[in-house]
Amino acid sequence: MTLDLDFHSTLYLIGLIAVFVFALTGALAAAKRELDILAFVFVGIVTGIGGGTIRDLLLRTDQIFWIADPNYLTVCIVASVMTYFFAHWVIKIDRILLWMDAAGIALFAVLGTSKALSYEVAPLIAILMGVISSTLGSAIRDLMIQVKLVIFEPEIYVTACLLGSLSYVVLSHFGINEVYNILLSSGAAFLLRVLAIELDLRFPS
Amino acid sequence: MTLDLDFHSTLYLIGLIAVFVFALTGALAAAKRELDILAFVFVGIVTGIGGGTIRDLLLRTDQIFWIADPNYLTVCIVASVMTYFFAHWVIKIDRILLWMDAAGIALFAVLGTSKALSYEVAPLIAILMGVISSTLGSAIRDLMIQVKLVIFEPEIYVTACLLGSLSYVVLSHFGINEVYNILLSSGAAFLLRVLAIELDLRFPS
Amino acid sequence: MTLDLDFHSTLYLIGLIAVFVFALTGALAAAKRELDILAFVFVGIVTGIGGGTIRDLLLRTDQIFWIADPNYLTVCIVASVMTYFFAHWVIKIDRILLWMDAAGIALFAVLGTSKALSYEVAPLIAILMGVISSTLGSAIRDLMIQVKLVIFEPEIYVTACLLGSLSYVVLSHFGINEVYNILLSSGAAFLLRVLAIELDLRFPS
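Protein chains in written order, with this note's numbering: chain S, 1 to 205; chain H, 1001 to 1205; chain V, 2001 to 2205.
Pasting the structure below:
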């Protein structure tokens, strides 16, 4: 019981950190375009919560996750304002950010798939929902900033999310314990993404 | 009865083919940008089901059509993967594709309008929903690929959809049989679009 | 009672005028790209009702506002067609349009916040909903026309909306009368925006 509570609190915390990192990458994109502070916050928010918002709209959840729990929005605003004032520092830790982003998309892919399955959708739909949750925030960011979409780069980015979602659906089908499934699936996605970053792996085009 | 069942099965099949063709045009756009296979699938999916998704979100349907029936998603993935491996063949049949796309948008315009009317919206809203269903998939495709939107070209593309939707609303107002209405209205939209393709008709700007 | 009815009729009328002006700015953007009349109407509609649509989708209102009341759509179409035929006249009154747009975004920010609060969301969420209602229409317009987003310009545009929304939430927290609150909050937002226009105030970047 305590363990279970701890697990869900940990997941929630990691989720908040993931949104924080997504928002950082959004605000950094705003920094490259020399936008003002409100634009930083705007892009930060959209990048942080965009993917999950589209997932929730498509699944017709009772409430969008960040409307139900405003902490997600607060986290996006804090990340954006921090980036505005300390962008030169934030850029210096960009390799750490890439790793944290890898953890973020890995977790979002798996949690998005899990949420979709709880709405009893088909496995294929659940996998797509995981990929949507983890990648569409950055897609909207790139559209707004009007640069080529990162998800279209041959970077093993969407692939890692797909691995996480697919793995979760398969393991869940075999009735594996939820905690192990989340750890294994997001671990696999994280590992693939980090390997791609460190070894500069790219998709054949 | 049998006839009626046949008619609805036929409509469903044509609908799937329409989504397939929309996805092909999306994947072909990805081919022009030399994207990787996952990007092909991504653009293919968005182009194939984007318009109908926005229609369903706006109408607040119980479930988005492709979540209720994953066949639509499967069809998009098959079309995208096929295009990835056989793009040079797919491009060769581009005139056939234009005709099939014409059939697709004609049908989607009419079915979108019909679905909207079943939610008891005003005629003007129903017409707009038809146009949204049939054209917004390609609009999202062009936004993501960052080229000028095809719906903004003076190509008698949106016009054909508008004709189909308008015709369906008018004939439906006069109580015409549903089967005849769908055939007549989508036939008119298809004819106008095909004439525009073959005679290179353009809208005065 | 009569006064109250008058107030709500007045608000409704101002709301329609605001949507009309938003649609004009959308159609004018289409004019600069030399699009055809259907594209004018398309961009006009999206600009006129885009922000409120996203607000309603996120809040999960029973019906999108312009589906419940097609007058908003009619107003967008009229504005767009007028702009198509009289663009050279409409451009001549662009300073008046800027002032009317200022009134429009001021009102939409406050009404969007008010609507969000009626769904019992957190104050922070309600403020964001006000900003979304008033600014996302122009954001979608700029995305479709593929120019730099106006909301990213350092123009005291989003700031004015934010002031209106924030002011409404604060005054509402202190239990001020709804009529006074709407007048005061949208008045403050309008004043800030008009000052920014007239004195060419800009945000430090």
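Note that CB positions come from ideal geometry on N, CA and C, so glycine has one too.
These figures come from a predicted structure and were not determined experimentally.
In the DSSP assignment, find the unbroken alpha helix (DSSP H) run with residue i in it and report its ends.
i, result
"V/Gly2052", "2037-2059"
"S/Tyr168", "158-173"
"S/Ile176", "Segment: none, S/Ile176 is in no alpha helix (DSSP H) and carries neither H nor E."
"H/Leu1149", "It is not in any alpha helix (DSSP H) - H/Leu1149 carries neither H nor E in the DSSP assignment."
"S/Ala122", "Counting along the chain, S/Ala122 falls outside any alpha helix (DSSP H), and DSSP gives it neither H nor E."
"S/Ile93", "First-last for S/Ile93: undefined, no H or E at that position."
"S/Ile67", "65-68"
Pick from the options: whose alpha carbon is nearest that of residue i?
i, options, result
"H/Asp1036", "H/Thr1074, H/Thr1083, H/Leu1057, H/Val1046", "H/Thr1083"
"V/Ala2160", "V/Asn2177, V/Thr2025, V/Ala2106, V/Val2041", "V/Ala2106"
"S/Ile96", "S/Leu16, S/Thr25, S/Tyr119, S/Ser133", "S/Thr25"
"H/Leu1171", "H/Tyr1157, H/Ile1091, H/Ser1186", "H/Ser1186"
"H/Phe1042", "H/Phe1190, H/Asp1200, H/Leu1073", "H/Leu1073"
"S/Pro123", "H/Ser1080, H/Glu1153, H/Ala1068", "H/Ala1068"
"H/Phe1152", "V/Ser2138, V/Ala2039, V/Asp2006", "V/Ala2039"
"V/Ile2145", "V/Ala2031, V/Ile2017, V/Ile2132, V/Phe2022", "V/Ala2031"
"S/Gly48", "S/Glu34, S/Cys76, S/Pro154, S/Asp56", "S/Cys76"
"S/Ala18", "S/Arg33, S/Leu201, S/Ile91, S/Asp101", "S/Asp101"
"H/Arg1202", "H/Gly1175, H/Ala1027, H/Pro1154", "H/Pro1154"
"V/Ile2156", "V/Asn2177, V/Leu2199, V/Ile2176", "V/Leu2199"
"H/Val1121", "H/Ala1027, H/Leu1058, H/Glu1034", "H/Leu1058"
Could you name the residues of the same chain whose beta carbon sits closer than 7 Å to that of residue i, not counting the 5 residues immediately before and after it, in chain order?
i, result
"H/Met1001", "Its pLDDT being 45, under 50, H/Met1001 is placed unreliably by the model, and the measurement read from it follows with that caveat. No residues qualify anywhere along the chain."
"S/Thr113", "Ala126, Ile127, Met129, Gly130, Ser165, Tyr168, Val169"
"V/Leu2136", "Gly2050, Gly2051, Ile2054"
"V/Tyr2012", "none"
Hey, how far is the Cα of residue i from the Cα of residue j?
i, j, result
"V/Trp2066", "S/Val78", "35 Å"
"S/Trp89", "S/Ala29", "14 Å"
"V/Phe2020", "S/Asn181", "53 Å"
"V/Leu2143", "V/Ala2116", "26 Å"
"H/Ile1054", "H/Leu1111", "14 Å"
"V/Phe2086", "H/Pro1070", "47 Å"
"S/Arg60", "H/Gln1063", "7 Å"
"S/Gly104", "H/Gly1044", "26 Å"
"V/Phe2007", "V/Val2179", "8 Å"
"V/Tyr2119", "H/Ile1093", "52 Å"
"H/Ile1091", "H/His1173", "41 Å"
"S/Asp56", "S/Phe22", "18 Å"
"V/Ile2176", "H/Val1081", "60 Å"
"V/Leu2183", "V/Leu2192", "14 Å"
"H/Val1147", "H/Arg1033", "10 Å"
"V/Val2158", "S/Ala27", "17 Å"
Might you give, ordered along the chain, the residues of its own chain that have their beta carbon closer than 6 Å to the beta carbon of residue i, omitting 5 neighbours on each side?
i, result
"S/Ile140", "Val46, Gly50"
"V/Thr2010", "none"
"H/Ala1188", "Leu1163, Ser1167"
"S/Ile14", "Leu107"
"H/Ala1109", "Gly1130, Ser1134, Cys1161, Gly1164, Ser1165, Ala1189"
"V/Leu2149", "Ala2139, Asp2142"
"S/Gly52", "Phe65, Ser133"
Less than 8 Å between C-beta atoms, sequence neighbours within five positions excluded: which residues of the same chain meet that for residue i?
i, result
"S/Leu99", "Per the sequence shown, the amino acid found at residue 99 of chain S is Trp instead of Leu. Here the set comprises Val194, Ile197."
"S/Leu16", "Asn71, Tyr72, Val75"
Just to check, is the beta-carbon of residue i closer than 6 Å to a non-hydrogen atom of the ligand FAD?
i, result
"S/Leu162", "Looking for the ligand FAD in the displayed structure turns up nothing, as the structure carries no ligands at all."
Taking a cut of 8 Å between CB atoms, which residues from the region 56-75 of chain S lie near chain A? Of the protein chains in this structure, namely S, H and V, none is chain A.
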